[in-house]
Amino acid sequence: MTEPGSQADQPAPGRVAAFFDLDKTVIAKSSTLAFSRPFFEGGLINRRGVLKSAYAQFVFAASGADADQVERMRAHLTALCTGWDVEQVRSIVEETLHDIVDPLVYAEAAELVAEHKANGHDVVVVSASGAEIVAPIAEMIGATRSVATRMVAADGRYTGEIDFYCYGDNKAAAMRELAAEHGYDLAASHAYSDSSTDLPMLEAVGHPSVVNPDRGLRKVAAERGWPVLTFSKPVSLRSRFHAPSGTAVAVTAIGLGAVATAGAAWYGLHRRRRR
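For the sequence shown, the positions run 4 to 278 when this note's numbering is used.
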C-alpha cells in the first residue's frame, strides 16, 4: 500500500512549452504591416494604404511599438481590412509571398526553437497579428501551435470586428487556457518577447527571457534578473525549414526597406507629375 505523500502519490509533472512573441522576436519585421505590398498587388488596398503601412512599419522598426502605437496600428489595420474576402487573404498569404521574398527570421530564434523542440518542449507562437498570417508562419518555423488575433467574418468577408485580440493580458489568458487544455506546467515553461506590452505573457511562466527589449522591458528585466537575448542575424527561413508536402505554406516578412522604398518612389513620381 502506498503511503500518502510518497513519490508514487505525487502528480506527474506537466509538459513544458516555449511561448514566442512573433514580431521582432522571431521575425525582424512587423508581420502584419509587411503584407501591405502583396495586398496592394492583390487589389485589397490602394497606394495610400501602402504608404500608411510603410510609415507605420518605419515607426515600429525605429522606436519599437508602445501600447498607444500598437492600438493605433490595430485600429488602422482593422478599418483597412473591413470587407476583405477571407479566402483571398489566405490565398495571398499562402501563395504570393513565396514568389516575392525569401522569408527572413532571426537565426538565433530559429536555433532556439530547434533547441526547445529537441528538449521535447512544445513551441507556441503568441501574436497580436491576425491568425491568417500567424498560423502559416508558426507552421513554417516548426511551432507546435499558435494563438493570434481573430477577426469576425460574415458571408466570407471581414466585418471589421474582432473576435479575440491577442494582446496584453489576453496573451497571458490564452496561455493559461492552452496550459489547461494541453497540460503545460507554466512554472516550468518559457516565454520570449521584445515588448513591455508583453509583460503579462512573460510573467505567466517560470522562465521568461527578453529579446531585443524596448527600454521599458529592459529596465524590468534588469530589476528582475531576467535573461536578455540579442537576436541580430536574419536567415533564410526556407533554407532552414522545409514546407510540408502538398500546397506549400509560404510566409514572409517583407523588408522595411523594400516597402518604404516602393512608397518613396511612388511619392516622388506622384509629386513630379503634379508639377
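Yeah, the Cβ is synthetic: ideal placement off N, Cα and C, and Gly gets one too.
These figures come from a predicted structure and were not determined experimentally.
Beta-carbon proximity list for residue i, same chain, < 7 Å, skipping 5 on both sides
| i | result |
| --- | --- |
| Gly-123 | none |
| Leu-25 | Ser-34, Val-128, Ser-130, Ser-132, Val-137, Ile-140 |
| Arg-278 | Here Arg-278 scores only 46 on pLDDT, less than 50, and its place in the model should not be relied on; the value that follows carries that caveat. For Arg-278, where only same-chain residues beyond five positions count, there are no Cβ hits under 7 Å. |
| Cys-169 | Val-129, Ser-130, Ala-131, Val-150, Ala-151, Thr-152, Ala-177 |
| Thr-82 | The residue asked about is misnamed: residue 82 is Ala in this sequence, not Thr. Once the five neighbours on either side are set aside, the close Cβ partners of Ala-82 are Gly-163. |
Proximal residues to residue i (C-beta, below 6 Å), its chain only, five neighbours per side dropped
| i | result |
| --- | --- |
| Val-155 | Thr-162, Glu-164, Asp-166 |
| Thr-250 | The predicted position of Thr-250 is uncertain, since its pLDDT is 30 and thus under 50; a value taken from the coordinates is nonetheless stated next. No residues qualify anywhere along the chain. |
| Ala-112 | Val-29, Phe-234 |
| Ala-110 | Lys-236, Val-238 |
| Cys-84 | Tyr-161 |
Residue i, DSSP secondary structure in three states
| i | result |
| --- | --- |
| Asp-88 | strand |
| Val-19 | coil |
| Ser-3 | As shown, the chain starts at 4 and ends at 278. That puts residue 3 outside it, with no answer to give. |
| His-119 | helix |
| Gly-219 | helix |
| Leu-83 | helix |
| Val-137 | helix |
| Thr-152 | strand |
| Val-96 | helix |
| Ser-198 | coil |
| Leu-25 | coil |
| His-193 | strand |
| Pro-203 | helix |
| Ala-157 | strand |
| Ala-31 | coil |
| Ala-183 | helix |
| Asp-125 | strand |
| Ala-146 | coil |
| Asp-188 | coil |
Rounded Cβ spacing between residue i and residue j (contact assumed at less than 8 Å)
| i | j | result |
| --- | --- | --- |
| Val-231 | Ala-224 | 5 Å |
| Asp-158 | Ala-20 | Not a contact, Cβ separation roughly 36 Å. |
| Pro-237 | Val-116 | Between Val-116 and Pro-237 the Cβ distance is about 15 Å, and since that is not below 8 Å, they are no contact. |
| Lys-174 | Asp-201 | 6 Å |
| Ala-148 | Gly-86 | What sits at residue 148 in the sequence shown is Arg, not Ala. Arg-148 to Gly-86, Cβ: 29 Å. No contact. |
Residue-chain proximity (residue i, chain C), Cβ-Cβ < 8 Å
| i | result |
| --- | --- |
| Val-29 | This model lacks chain C altogether, as it is built from one protein chain only. |
CB contact flag (residue i, residue j, <8 Å)
| i | j | result |
| --- | --- | --- |
| Arg-18 | Tyr-195 | no |
| Phe-234 | Val-127 | no |
| Met-178 | Leu-189 | yes |
| Val-150 | Leu-181 | yes |
| Ser-199 | His-210 | no |
| Asp-197 | Asp-217 | yes |
| Val-92 | Glu-135 | yes |
Contacting residues, own chain, Cβ-Cβ under 8 Å from residue i (five flanking each side not counted)
| i | result |
| --- | --- |
| Gly-145 | Val-116, Ala-117, Lys-120, Val-126, Phe-244 |
| Glu-206 | Ala-175 |
| Val-89 | Glu-135, Ala-156, Gly-159, Arg-160, Tyr-161 |
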